[in-house]
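Enquirer: Structure provided below as structure tokens; questions to follow.
Protein chains in written order, with the working numbering: chain W, 2 to 790; chain D, 802 to 1154.
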């Protein structure tokens, strides 16, 4: 909310306090602001008197003018069509800083020009506030404008504006009076309320209008009437204050309704009384009822909306917008003023559906029941004073609201316990009295009378906050709580994620963090889950569905980095995936992607390029670390969007816990390998704690066996036979060579295993080991039909 | 004959001196001391000598043999040394050539911050808890004193999944879950990190997905001064020992009083610079005393219990701590960005800063 310094100064004397100081002081009591600025940013302006004005000899547009600036007469070349001798104008001196740039001494069409005569539009007044004449020509000041003086001061535009960002609980801050009270509390000052008593004519509004409130969503509805208004331009102070508050001046009548809303925080609505008729009904709208609002749009309503109606039809959408048919126009003579309190929620629902306005914003947050009467009187007062209206006697309507202060009790002990301070009774009373709350103290307990304008203060904790913020939180000294020692810790899942992450980081992968929301296309990669979670109100097609796998996101990270010339991409993420089943379940996953160089030393010719086996090695290392290495298995598998012959399910024992492999070239044409594991399934494994086992003190014996086997025979099938037939002395067995080509016939491969034998009670003899290996070779032959190479 | 021996000796010593390597020396050993070597051959001439002469000759022979052996061994040792030195020299390498580059992985900077915060609070006896991201309106809003159609809901434009379920807009949802879940209604110390979502357009300072760490401490005598004390520990750990904090009143529906917490600028120390926009203070997190309605709604008697809650934005902390100026960097995962964080910080060194 933009707060004009001049406007605020009408209700509290802030002379002598800089605008910046005011803003900062209000921050310290809890009101943030975005900016402090001059309403008109132009500098170095002066009122000039055009003493000579001649047309340029070679131009049909340019005038050569001599302008009296009070302390000097300068020559300025000016192209404005309305420039003429005798005018009082706004002159930007040489050196003036205008939004369009700094004014410099210049030569225009051969003539020296020492400054610029300004149009309103050149001063930096927001464009929306400018009239046609403000843009088309230079601004013509009144004849009595004092030459040599500051034109902004003369025009009342030398204002400064604080753009506050008030918190949504402070409905009272949406009014100048409310801000004045807050400023008063901050600086210990009193405030002054606007004048609203004026002479009224004998005719009584109650004799003309009957208000019929037929809905419980209207707590108060007041009406007052003004006759014979003359619609015209508002006085300068109203126009300026509205503009500084970011509201466009329209005419005196409309402006007054906005002006009073800004003063009191109470939205008003002015009806053209002659179009309204004599009957005013406040009721719930009927389903499918229609109303054409001020903006000319036909709106379809339902029972949740509140309308103001006359005896024929709905004439306004309560709290949100007036109707077109009863709108105040330039021809309007008689005005019916409405000032009401409608149900917050109802206005909020309607305005969300139709239009958020200054008015609906205030209704949603709440209206002070003690402000509606003074506000409606203030509007009548201003219409009388600035629109020549005659104010009818009395106020008509219904008011069911309580005007009483709220009573809140709180003990000094409680205040000090919550704040952790040692305030005295006097400290508390002083803070609350600065807020103009009435306080009494008896038996250690305060009784606080909270004025109705503070809709946000209702319970003792609210009082504690008021005391704290006015007394000053900066006076609280931080202390650590004295509590019993206890062990904090992470959940099992967090520990598992950290374990997995630490290991993968050690193996050279970088952790990434990606978005949970995907596009339809991305979300269908690597899965065809039917139970995906879609948003009701996505912001874009790109982010509309929650992911059921992390792989699409990792692929996106790969593509980004590949496009930015990364030679290798080795990444992982631990995150949840989302399903509709089991009442919207979230399941933890860990996934990774590897591409490019894994280990390189170019000049030495060392190069380990990521392939299936690199990734398999990485995963094996992870599972060894988890103590699951001996139960880990990889089985060829087919998976959506994976290379059909380079993909494997990952198993612990017989349970599939994830998969790995190369991404299908249709999805990514680079050789990219990925894995995804179900963290829950890893966590559900049973792993024993480490128990030290004595190692053998006797030397091991190692033997190599190379078999000639059909090309598609799986190495593990052979290994299994070896393990089963080698007996207890076999301590390790692994493939150390796979060979196809010269010396091996087509369709065959040579596969060589290294077997290690160890005994815990003796040194093994060659004969003993040879006997075992002979048996192994025989078994492999018998079971698989293959022979030693 | 003795003279002959002396000649042999001189000849041998001379040749040993000239020998250049182990191989030549071995040959000389054979030539002089071997079974058929020159010295051994001399013994065969002893037969012609008298007993006394034999005695004298034998003595001289042993002396010469000893002398040659000694010199030979000495030479041998030197030759070996020389050979080794030559070998080592031939193995000389350029130590400035690069080594094998194994991959260096690392933690995401945001997760680093989260982990650091977790570790700190765990050390003060806090548990780390996590909860659903697809949260019920009940926990995300209603139990936090934000009934339907509350104007403050506007501050958090939400992604809805159903009318009653949404992507949580704040980890504060966990406040209600943790308090409600504690059936014994005993003291609580917990932090809840996690993903949160709001319908904001992504730009340099907004992200539709972001991270929060909720902190909650409930007990029989918890005060705002305690919140300040605990947060002082926090900001000093993350931003340096000299940091101060400032509490500024603010509004959150689920805390009363509510506060914004500023930390004295770690860049200029409070004098004012462009990081703190000249104010000397940087807004770092929000918090306050748990609203009695929230306590009551979760089964805690607000006359007996009080509590503080706060919400840390790890993105903001990381941006300030590391000087990152675009929040989207965390989610783009440019490896050049990520790899800048693949190392430890000053905390492990004697001289920190």
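Glycine included, every Cβ here is placed at the ideal spot set by N, Cα and C.
#1: Among 618(W), 554(W), 327(W), 323(W), which has the Cα closest to the Cα of residue 592(W)?
#2: Got a sec: is the Cβ-Cβ distance from residue 117(W) to anything in chain D below 8 Å?
#3: Distance check for residue 129(W) and residue 380(W), CA to CA, integer angstroms please.
#4: Nearest CA to the CA of residue 675(W): which residue from 663(W), 684(W), 667(W), 560(W)?
#5: What does residue 562(W) reach in chain D if we use C-beta pairs closer than 7 Å?
#6: Say whether chain D places a C-beta atom closer than 8 Å to the C-beta of residue 610(W).
#7: Among the residues of its own chain, which have a CB less than 6 Å from the CB of residue 237(W), if the five just before and after it don't count?
#8: Below 8 Å on C-beta distance, what does residue 1020(D) contact in chain W?
#9: Which of the three DSSP states is assigned to residue 346(W) in this structure?
#10: In whole angstroms, what is the alpha-carbon distance linking residue 1046(D) and residue 996(D)?
#11: May I have the straight-line CA-CA distance separating residue 312(W) from residue 282(W), to the nearest angstrom?
#12: Whose C-alpha, out of 372(W), 760(W), 687(W), is nearest the C-alpha of residue 703(W)?
#13: By DSSP, does residue 1154(D) sit in helix, in strand, or in coil?
#14: What does the alpha-carbon distance come out to for the pair residue 217(W) and residue 296(W)?
#15: Name, going along the chain, the residues of the segment 996 to 1010 of chain D whose beta-carbon falls closer than 8 Å to a beta-carbon of chain W.
#16: Spell out whether any CB of chain D is found under 8 Å from the CB atom of residue 332(W).
#17: Which of the residues in the segment 916 to 938 of chain D, read from start to end, lie with their CB under 8 Å from any CB of chain W?
#18: For residue 754(W) and residue 661(W), what's the separation of their Cα atoms in angstroms?
#19: Let me see if you follow: with CB-CB separation under 8 Å, is residue 987(D) close to chain W or not?
#20: What's the gap between the Cα of residue 814(D) and the Cα of residue 806(D)?
#21: Could you tell me which residues DSSP puts in a beta bridge with residue 407(W)?
#22: I'd like to know whether the C-beta of residue 683(W) is nearer than 8 Å to at least one C-beta of chain D.
#23: Would DSSP call residue 1133(D) helix, strand or coil?
#24: What do you reckon, are the CB atoms on residue 518(W) and residue 546(W) nearer than 8 Å?
#25: What residue does the alpha helix (DSSP H) around residue 47(W) start on, and which one ends it?
#26: Is it buried or exposed, residue 742(W), if we count other Cβ atoms within 10 angstroms and call 16 or more buried?
#27: For the segment 541 to 625 of chain W, list the beta strand (DSSP E) runs that are entirely contained and at least 3 residues long, ordered along the chain.
#28: What does the Cβ neighbour count give for residue 481(W), buried or exposed, with the cut at 16 atoms within 10 Å?
#29: Apply the 10 Å Cβ neighbour rule to residue 845(D) and answer buried if 16 or more other Cβ atoms are within range, or exposed otherwise.
#30: In terms of residue numbering, what span does the alpha helix (DSSP H) encompassing residue 1030(D) cover?
#31: Let me know the secondary structure DSSP gives residue 537(W) once reduced to three states.
#32: Beta carbons nearer than 9 Å to chain D: which residues of the segment 508 to 537 of chain W have them?
#33: Could you run through the segment 1120 to 1150 of chain D and flag, in chain order, every residue whose CB is less than 8 Å away from some CB of chain W?
#34: By a C-beta neighbour count over all protein chains shown, 10 Å radius and 16 as the cutoff for buried, is residue 259(W) buried or exposed?
#35: Per DSSP, which one or two residues make a beta bridge with residue 1090(D)?
#36: Look up residue 114(W) in the DSSP assignment and say whether it is helix, strand or coil.
Expert: If we stick to the structure as given:
#1: 554(W)
#2: no
#3: 25 Å
#4: 663(W)
#5: 1135, 1136
#6: no
#7: 157
#8: 482, 484
#9: helix
#10: 26 Å
#11: 8 Å
#12: 760(W)
#13: A caution first: residue 1154(D) carries a pLDDT of 48, below 50, which makes its placement in the model unreliable, though a value can still be read off. Three-state result, residue 1154(D): coil.
#14: 28 Å
#15: 996, 998, 1000, 1002, 1009, 1010
#16: no
#17: 916, 919, 922, 923, 924, 925, 926, 927, 928, 929, 930, 931, 933, 934, 935
#18: 25 Å
#19: no
#20: 12 Å
#21: 451(W)
#22: no
#23: helix
#24: yes
#25: Careful: residue 47(W) lies outside any alpha helix (DSSP H), inside the beta strand (DSSP E) at 46 to 56.
#26: exposed
#27: 569 to 580, 586 to 602, 607 to 610
#28: exposed
#29: exposed
#30: 1025 to 1040
#31: coil
#32: 508, 509, 510, 511, 512, 513, 514, 515, 516, 517, 518, 534, 535, 536, 537
#33: 1131, 1132, 1133, 1134, 1135, 1136, 1137, 1139, 1140, 1143
#34: buried
#35: 1109(D)
#36: strand
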